[in-house]
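One structure below.
Number of protein chains: 4
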Amino acid sequence: MTELRHTRDDKLALILRASATMFADKGYHEASIRDISRETGISLSGLYYYFRSKEELLFLIQDHCFTTLYENLGRLLAEENDPYQRFLLMVENHLRYFVNNMKEMKVLSHELDSLTGEFRQRVNQIKRQYTETCSSVLEALAPEDSGIDARVAIYSLFGMMNWIYNWYHPERDVAVEELAADMCQLFLRGYLSGVAERSEAVAERFSTPSPSIWRT
Amino acid sequence: MTELRHTRDDKLALILRASATMFADKGYHEASIRDISRETGISLSGLYYYFRSKEELLFLIQDHCFTTLYENLGRLLAEENDPYQRFLLMVENHLRYFVNNMKEMKVLSHELDSLTGEFRQRVNQIKRQYTETCSSVLEALAPEDSGIDARVAIYSLFGMMNWIYNWYHPERDVAVEELAADMCQLFLRGYLSGVAERSEAVAERFSTPSPSIWRT
Amino acid sequence: MTELRHTRDDKLALILRASATMFADKGYHEASIRDISRETGISLSGLYYYFRSKEELLFLIQDHCFTTLYENLGRLLAEENDPYQRFLLMVENHLRYFVNNMKEMKVLSHELDSLTGEFRQRVNQIKRQYTETCSSVLEALAPEDSGIDARVAIYSLFGMMNWIYNWYHPERDVAVEELAADMCQLFLRGYLSGVAERSEAVAERFSTPSPSIWRT
Amino acid sequence: MTELRHTRDDKLALILRASATMFADKGYHEASIRDISRETGISLSGLYYYFRSKEELLFLIQDHCFTTLYENLGRLLAEENDPYQRFLLMVENHLRYFVNNMKEMKVLSHELDSLTGEFRQRVNQIKRQYTETCSSVLEALAPEDSGIDARVAIYSLFGMMNWIYNWYHPERDVAVEELAADMCQLFLRGYLSGVAERSEAVAERFSTPSPSIWRT
DNA sequence: AATGAATGAGGGTTCATTCAT
DNA sequence: CATGAATGAACCCTCATTCAT
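Residue numbers (this note's numbering), protein chains in the order written: chain A, 1 to 216; chain B, 217 to 432; chain C, 433 to 648; chain D, 649 to 864.
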C-alpha cells in the first residue's frame, strides 16, 4: 500500500534525474520532451501527468537542487561556530554537491535565464538566500580591511567553485576534500603564501596601480 | 571610395556584433536567424550571403574573440619580462577584454559545446594555445611548492575571471583596473593577507584535512 | 471494432496513395509535403507521425510497389510450368500492375535515384530479385542462339513495358489483355511475323551490318 | 572580329552542355542555377545574360536536342527509298543520338512536363513532327495486318529505344551498330525468329487470348 | 495513470531571380 | 558583359502541447 503510493514520487524522481542529465548534456532548449520520453520509457503525453510544462520541469530541477544545497548548508552551519570552520564547511558543501551533481549544477549555472515569471522569482529567491548566507559566512571571517571589494571577493569565490563543471574530472583530478582545501587556501592565503620574500616584493607591486597601457 | 569598398566587411562586423548580442541574451540555440535578421535589418536569406550556416556564424564569433584575446596577450607579454608584471598583464588583458565584450564572452563560455566537427577543433586549438600561454605565465611565478594542485590553481583563476559575466556591472562595480588588481591580490596573496596573526592560526587549520562529515 | 483498430494502417495507405499521385504528377522533389498535407487533409506536422522523412515516404511507396509486383509474379509462376505460359504470365502481370497503378509506377521508374543510403539499397535489392526472376523466365524460353545480346533482349522487353506510362490511356487504348498479347507477340515473333515473303528478304538485311554513314 | 562574335554562342553552348549534364545527373528541379554557375565558372547573375529563366534554359536544351535529332533523320531519309533501310536508318539515328547524348536524352525523357506554356507547346510540336515521321516510316513497312495495334507497335519501339539510358553502358555493352541491329531484328522478326518449330507452337498460343486469371 | 494521434508555430536553409554598378 | 549583394517564397522538419480514449 505504502509502496504503491510512492510510485508517483519515484517516477517523478526518475523523470527529474533523466531530465537533468538531458538538460546538462544538450542544454535546456535543445533537449526535447521527446528525448526525455525516450530516456525514461514513458510516453510523450504520459510525461505531462507529472509536470505541466517543460518550464515547470526545469523549475522543479532547479528548485530541488538549490533547496537541497541550501538546506545542507544550514544543517552544517548549525553545529559550528568557529568562523574558519564555517567557511570551510560552506566551501566543502558547495563543492561536494556540485561534484556529486555535476549535470544538475551545470543546468543551474546555465539555465537560470530560461525560467520566466513566477518560476524565475522563486528560484531567484532561494538563490538569493543561499548567496546571503554564504556572504555572511565570508564577512564573519573578513579582515577589517582586506583592500578587496566585497562583491569582487564573494563572486570570485563563487566563480572558482562554480566553474569546476568546465574542467573537473573526478577520476583524473584530486578528490573533493583536497579540492575544497586547495580552494580555501587559495582564497584565504593566496597562491604565494608561505613564500618568504613575498611580503614586500609582492605588496609593493599592488600598492601602485599598474599603468593601463591597454586599449579596448 | 576606400570606405565604400569596406562595405562588405563592415556589414559582416555588424552582423557578428548583433549575433553575439543575440546569442548572449537568448542563448545560441534560442536565438533564431530570424531574430538576427530583424536586429540587423537584413533579410533572412540575405544573411546567408555572409555565412554559410548558423554554426559557422557562431564559429566566426568565437574564433574572432579568442584570436583577438590571444593576440593581445602575445603583444603585451612580448614587452615584459618580469614574472609578476607578466601575470598582472595577463589578468588585466583577460578581464578587460571580457568586460568590454561581455556578450561575446558569455557566448564563449556557454556555447563551446554547440560547435561540432572542424569548427570545434579550430576553436579548441586556439583556446588550448591561450590556456597554455596563461599556464606558463602562472608557472613562471609559482613557488616551489604552494601545496596546491596545478590544475586547481589555473582553473580557479579562470573561474574567478570568467564568472564575471554573471555579476559584473560596469556602472555599479569597481573599474576594470581595480577588478584586475583585486583578483591578482586575491589569487596571489589571498583574502586574509596582511592580517598579522594569520600565519599560524590559519596555517594550522590547513595542515590537517578537515573531517569530512558530509555524506553524498 | 476491428475496423476501428485499422485506422492507423488505413490512414497510412491513404497517405501513400496521395503521395504516389503527387510524386507522379509533379515529381518527387517538386511535390512538397505541404501538397500531401493539403491533399490528405492531414496537417503538415501530423503527417510526420506516419513517416520520418520525405525520403522514407518515397521508400515506402517504392518498396510496397516492387514487393507487391514481385510477390504477385511469384504466386503466378508457382502454378505454371510451361515456359511460354510463364512468359505470358510475367508480361501480363507486369503490364497489369503498371496499368492499374500507373502513378506509382511512374514514380518507380523516375525516382529510383532520389533514394539514398539504405533505402536505396533495399529497393535495389528487391528490384534485382524481380529482374532476375524475369530474366530466368525469359532464358527458359530462349532459342539456342537468337543472335541477340542477352542484355539487349531483356531490357528491350522492359523498355517496351515500362514506357507505357508515357502514352497508354486505358479509356482510349486497347485493354490490358490485348496490350500484353501484342507485346508478347512483338517480342517473341516480331512485327513482321506471318508475312510470307519476310523470311528471306528481311533475313538478308540483317546478315550484313548496315553501313554506318552516321557521324556523331 | 568573327571569332569575337562567336564568343557569345560559344559560351551559350558551354552553358547548355553543363546544364544538360546537371539536369541529367540531378534532375531539372534539383539542379540549381548555382550548380550551373559553379560548373561553368560564370557568376550566378552573369548567367542570366544568356537566358531569361531556368525554364528557358531547359527549353533551349530540349529544343536543340529534338531539332538536331529530327533534322538528322530528315537528312538520312532523304537519300533512301527502300522501306527496310529507312526503318533501319531511323532506329540507328535514334539510338546513336541517344547514346552520344545520353545525359541530354534523359532530360528529354524525364522533364517534358517541367515545361509550361509556349515552351511546352513548341517542344511538343517538334516532338510530334518527329514522331509522325517515325510512324510513317514504320507504316510503310507494315504488313497488311500484323494483328498488332498501331499505337502499341510504335510506342513499343520507342519504349525499347528510349529506355536505354536506364541500362546501356557504352564500355560494357555492345556497340551502337549492333544495338540498332538487335533492336531492329527484335522488333521486326521477334525473339524466337529462326526457330523452326515456332510457327505452329507459338502461333497457336497467341490465337486465343490467355485466360485472365488475374485480378487487380 | 497512460497513450496514440494530431496540431500550430516556428526552426534553419535553399531557391530563382533582380538590380545597381 | 559581368558581378556582388540582396530578397520573398518556399522548402523539410521539429517542437511543446493537447485531447479523446
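Just so you know, even glycine gets a beta-carbon here, dropped at the ideal spot from N, CA and C.
For A/Thr131 versus A/Glu55, is the C-beta distance shorter than 8 Å?
-> no
Residues near C/Glu471 by beta carbon distance below 7 Å, same chain, minus five either side | Ala450, Met454
Could one say the Cβ of C/Asp467 lies closer than 8 Å to chain D's Cβ atoms, at least one of them?
-> no
Coil, strand or helix - B/Trp383 by DSSP | coil
Any C-beta of chain B under 8 Å from that of A/Glu30 = yes
What residues from chain B crowd round A/Ser156, counting only those whose CB sits closer than 7 Å?
-> Met376, Met399, Leu402
Note down, in chain order, each residue of its chain lying with its Cβ closer than 6 Å to the Cβ of D/Ala788, except the 5 sequence neighbours on either side.
-> Pro731
Given that B/Ala369 touches chain A, what residues does it touch there, using C-beta distances under 8 Å?
-> Asp182, Leu186, Tyr191
Supposed close pair A/Glu30, B/His245 - CB separation, criterion 8 Å = 5 Å
Roughly how many angstroms lie between the CA atoms of B/Glu296 and A/Leu138, to the nearest whole one?
-> 36 Å
Test: B/Gly243 CB closer than 8 Å to a CB of chain A | yes
What three-state label does DSSP hand B/Thr332 in the structure shown?
-> coil
Which listed residue (A/Ser53, A/Arg52, A/Arg96) has its alpha carbon closest to that of A/Thr68 | A/Arg96
Per-residue contacts from B/Leu311 into chain A (C-beta, under 7 Å) = Near B/Leu311 there are no residues of chain A at all, since even the closest Cβ is about 10 Å away, more than 7 Å.
Counting along the chain, where does the alpha helix (DSSP H) carrying A/Val174 start and finish?
-> No alpha helix (DSSP H) contains A/Val174, which DSSP labels as neither H nor E.
Any beta-carbon of chain B closer than 8 Å to the one on A/Ser135?
-> no
Where does D/Ser789 sit, in a helix, a strand or coil, going by DSSP?
-> In the sequence as presented, Ser is not what sits at residue 789 of chain D; that position holds Leu. Here D/Leu789 sits in coil by DSSP.
So, using beta-carbon positions, are B/Trp379 and A/Gly159 closer together than 8 Å?
-> yes
CB contact below 8 Å: C/His496 versus chain D | no
Rounded to the nearest angstrom, how far is the Cβ of D/Phe714 from that of D/Tyr813, given a contact under 8 Å?
-> That belief does not hold up - the Cβ atoms of D/Phe714 and D/Tyr813 are roughly 16 Å apart, past 8 Å.
Taking 8 Å as the cut-off, decide whether the C-beta atoms of D/Gly838 and C/Phe519 are in contact.
-> no
Within chain C, the residues that D/Glu752 reaches when beta carbons sit closer than 7 Å = Those do not exist, as D/Glu752 stays about 13 Å from chain C at its closest Cβ, beyond 7 Å.
In chain D, which residues lie with their C-beta within 8 Å of the C-beta of C/Val539?
-> Residues of chain D passing the Cβ test: none, with the nearest at roughly 12 Å.
With burial defined as no fewer than 16 other Cβ atoms inside 10 Å of the residue's Cβ, what is the status of A/Gln121: buried or exposed?
-> exposed
Using a Cβ cut-off of 8 Å (strictly closer), state whether B/Ser269 contacts chain A.
-> no
Going straight from the alpha carbon of A/Phe59 to that of A/Ser53, what length do you get?
-> 10 Å
What's the gap between the Cα of D/Ser693 and the Cα of D/Leu664?
-> 16 Å
From D/Thr655 to C/Trp599, what distance separates their C-alpha atoms?
-> 41 Å
CA nearest to the CA of D/Ser762, picked from D/Tyr698, D/Ile709, D/Leu721 | D/Ile709
If you check the beta carbons only, do C/Val584 and D/Asp830 fall under 8 Å apart?
-> yes
Give a yes or no on whether the C-beta atoms belonging to C/Val523 and C/Ala582 are separated by under 8 Å.
-> no
Going by the CB atoms, is the gap between A/Glu104 and A/Ala20 shorter than 8 Å?
-> yes
Residue nearest to B/Leu408 in terms of C-alpha spacing, selected from A/Ile148, A/Met161, A/Asp173 = A/Ile148
Residues of its chain near B/Leu373, where Cβ-Cβ distance is below 6 Å and the 5 sequence neighbours each way are ignored = Phe403
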